[in-house]
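Structure first, commentary second.
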Amino acid sequence: MQMDNPIGDDVRSGRANVRLGLFDETPGMMDATLVLLRIENDGSQSIAGDDYTSRERHGLTAVFTDRTIRGVSVTQPPGTDHLMDHFTPAAGLSYENGVLRIPRVPLNRGEHFKLLVLLSGGDVGREIRLIGGLRDGEVSPNRSTTPDDQPPLFSRAARLITVLLTACVVTLALIVVLRDDSWPPIGCEKGTLTVTGSTAFAPVMSELAKKYEQDCEGADIVVDAHGSTAGVGELGEAGAKSAKGAPPVDALSDGPKPSGFPQLRENRVAVSVFTLIVNDDLPVRNLSLADVRRLYRGEIKNWKQLGGPDRPVLLISRDANSGTRQVFQRRVLGRGEIANSSLDCVHKDDATAPVVRCELDSTERVLSTVAGLPGAIGYSELNLATGYKGLHQLTLDGHTASVEDLEHGTSSYPYREIEYAYTYGQPPADSLASSFLTYISRGNGQDVIRTHGHLPCGTPVGLKICGTN
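Under numbering that gives the first Met the number 0, the first residue of the sequence shown is numbered 0, with each subsequent residue one higher.
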């Protein structure tokens with residue numbers, strides 16, 4: 000708490016009554032007070048939205064004993080504008096009587112924000128409690144210098160002097176709120192790190208790795224993506240062999256990890272949207288979920304069965320290591336796909352198979368194959384498929400794959416999933432693995448995630464989706 004000052008009509012001290020007149024025309028505000036709270040991460044690790052242990056949508060609760068909250072203003076130091084996106088009712092910001100609910104705001108080491116709270120109904124100095132918890136951390140009061148330990152004394156003055164004094168009080172509050180408190184930059188760490196896993200999320204990781212290396216001299220980050228399941232397995236194997244605790248490996252996965260890896264610790268990074276794609280020779284623009292399921296059960300062998308041209312159906316799928324495939328089966332099909340029947344994606348190797356179905360080891364190969372084969376259908380991460388020549392996207396039951404619609408809460412599109420970053424246990428705070436995960440979740444990292452067409456979990460809507468899915 001940096002300030003708890005009286006600003007009402009009758010500010011009392013031991014020697015005099017001081018009339019400021021700030022709320023002459025406002026009923027019930029004669030005992031108004033201003034409280035400034037400064038919420039800071041002064042620990043050794045970053046705080047993510049899902050690190051708050053509250054079962055409610057918000058992360059922390061401030062209780063002002065015997066006082067009523069009349070209004071709240073939020074501010075933060077320069078360079079952390081991204082924090083302001085979290086202070087919305089959708090993210091959990093609200094107040095009632097003397098209770099202020101504070102959203103799950105992610106904070107890097109040293110970051111902070113301030114809440115200027117206008118109250119009435121009680122004197123200064125009443126108890127203020129901050130309730131909440133943090134995974135692997137704690138919420139505790141931290142002594143901070145307050146701008147005024149005692150309310151200032153002014154003599155009774157004319158109306159003009161009252162107005163001037165009121166302006167001074169408001170200006171003082173603004174100066175304290177907007178003061179530029181220095182905060183340390185991201186904690187750069189040296190060493191080597193391998194980022195493995197999802198090929199759909201690999202372009203994001205490649206750009207983030209490049210930016211981190213530019214910002215942090217001595218860091219070497221290699222992005223080696225070959226599928227979500229394979230990446231999780233590689234991390235688990237590296238951890239089991241490591242004699243020094245967590246290995247220098249982060250694994251990205253489209254959706255939660257498979258069972259059997261209890262040592263892996265999850266970090267929810269973003270929401271990814273995926274799409275079905277078909278070759279441009281097919282006039283089909285929309286499919287029902289029922290028809291998609293019939294296609295991938297082998298029940299529809301020719302596109303003319305769906306009103307298209309007389310062309311055999313070619314199913315271009317990902318291999319078993321693919322998180323994109325697992326999301327497709329979980330969110331769209333509700334079951335697995337039929338067996339692989341072709342190596343070249345054109346001819347059946349098994350004459351008894353109902354349709355041609357091949358498996359490829361990357362999203363890029365799926366895109367290029369669908370674009371080059373008339374009659375082909377496949378699936379891909381949305382941003383990678385957007386604008387790809389030779390193919391077009393399908394809507395599902397009339398619902399369009401769109402990150403914007405998802406963020407605005409207007410999407411019923413089913414083919415989407417959370418991107419997870421896994422580490423083997425809790426890596427040390429001063430490790431490159433831990434530092435890079437912090438880099439992903441901070442402002443610049445969120446901007447890169449957005450640029451590549453994903454919704455960061457750190458945004459208010461992303462926080463809600465990532466916390467409930």
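Where a beta carbon is used, it is the ideal one built from N, C-alpha and C, also for glycine. Quantities reported herein were computed from a predicted structural model and do not represent experimental measurements.
Secondary structure note for asparagine 382: its alpha helix (DSSP H) is the uninterrupted segment 381-384. Non-local C-beta neighbours of alanine 208 in its own chain, meaning closer than 7 Å and more than five positions away in sequence, comprise Val194, Ile220 and Val222, ordered along the chain. Taking 3 residues as the minimum length, the beta strand (DSSP E) runs contained wholly in the region 318-368 are 355-359, in order along the chain. When the Cα atoms are used, glutamate 406 and glutamine 392 turn out to be separated by approximately 20 Å. Burial state of proline 247 is buried, judged by a 10 Å Cβ sphere holding 16 or more other Cβ atoms. Closest by C-alpha distance to tyrosine 94, out of Gly109, Gly70, Cys465 and His85, is Gly70.
DSSP places glutamate 206 in the uninterrupted alpha helix (DSSP H) bounded by 201-214. Between valine 331 and the set Ser361, Ala375, Arg317 and Leu275, the nearest pair of CA atoms involves Leu275. The criterion of a C-beta distance shorter than 8 Å is not satisfied by isoleucine 6 and alanine 61. Distance from the CA of leucine 366 to the CA of leucine 462, rounded to the nearest whole angstrom, comes to 30 Å.
Contact holds between the region 378-388 and the region 451-466, because three or more Cβ pairs, one in each stretch, are under 8 Å apart. Listed in chain order, the beta strand (DSSP E) elements of length 3 or more contained wholly in the region 395-461 are 415-423. Cβ-Cβ distances below 8 Å link arginine 66 to Thr32, Gly97, Leu118, Ser119, Gly120, Gly121 and Arg125 in the same chain, with the five nearest sequence neighbours on each side left out; the list follows chain order. Within the region 226-285, the runs of beta strand (DSSP E) at least 3 residues long that lie entirely inside it are, in chain order, 248-253 and 263-278. Distance from the CA of arginine 284 to the CA of glycine 389, rounded to the nearest whole angstrom, comes to 14 Å. Rounded to whole angstroms, the separation of the alpha carbons of glutamine 328 and alanine 201 is 21 Å. Glycine 466 carries a helical assignment under DSSP once its states are collapsed to helix, strand and coil. The beta carbon of leucine 251 sits closer than 6 Å to the beta carbons of Gly196, Ser197, Phe200 and Ala420 from its chain, once the five residues preceding and following it are set aside; these are given in chain order. Residue pairing by DSSP places serine 316 opposite Glu358 in a beta bridge. Taking each of Gly457, Phe435, Ser440 and Cys456 in turn and checking the Cα distance to glutamine 213, the smallest one comes out for Phe435. Following the DSSP letters along the chain, one finds aspartate 290 inside the alpha helix (DSSP H) bounded by residues 288-294. Of all C-beta pairs linking the region 256-273 to the region 339-347, fewer than three are shorter than 8 Å, placing the two stretches out of contact.
With contact defined as three or more Cβ pairs closer than 8 Å, the region 38-47 and the region 96-116 are in contact. DSSP places aspartate 3 within a strand segment (E or B) once states are collapsed to three. Relative to the Cα of histidine 225, the nearest Cα in the group Thr409, Arg364 and Leu92 belongs to Arg364. In this structure, the CA atom of leucine 59 is about 10 Å from the CA atom of isoleucine 38. The DSSP-derived three-state label of alanine 89 is helix. Per DSSP, glutamine 44 lies in no beta strand (DSSP E) segment and is marked neither H nor E. About 10 Å separates the Cβ atoms of leucine 314 and valine 369, ruling out a contact at the 8 Å cut-off. In the three-state DSSP reduction, lysine 303 falls in the helix class (H, G or I).
Distances from the alpha-carbon of arginine 56 to those of Thr87, Ser72 and Met83 put Thr87 closest. In the DSSP annotation of this structure, lysine 388 is not part of any beta strand (DSSP E), being labelled neither H nor E. When beta bridges are read from the DSSP output, lysine 113 appears opposite Arg37 and Thr74.
The C-beta separation of glutamate 336 from serine 316 comes to about 6 Å, placing the pair in contact by the 8 Å criterion.
In the DSSP secondary-structure assignment, valine 222 is bridged to Val194.
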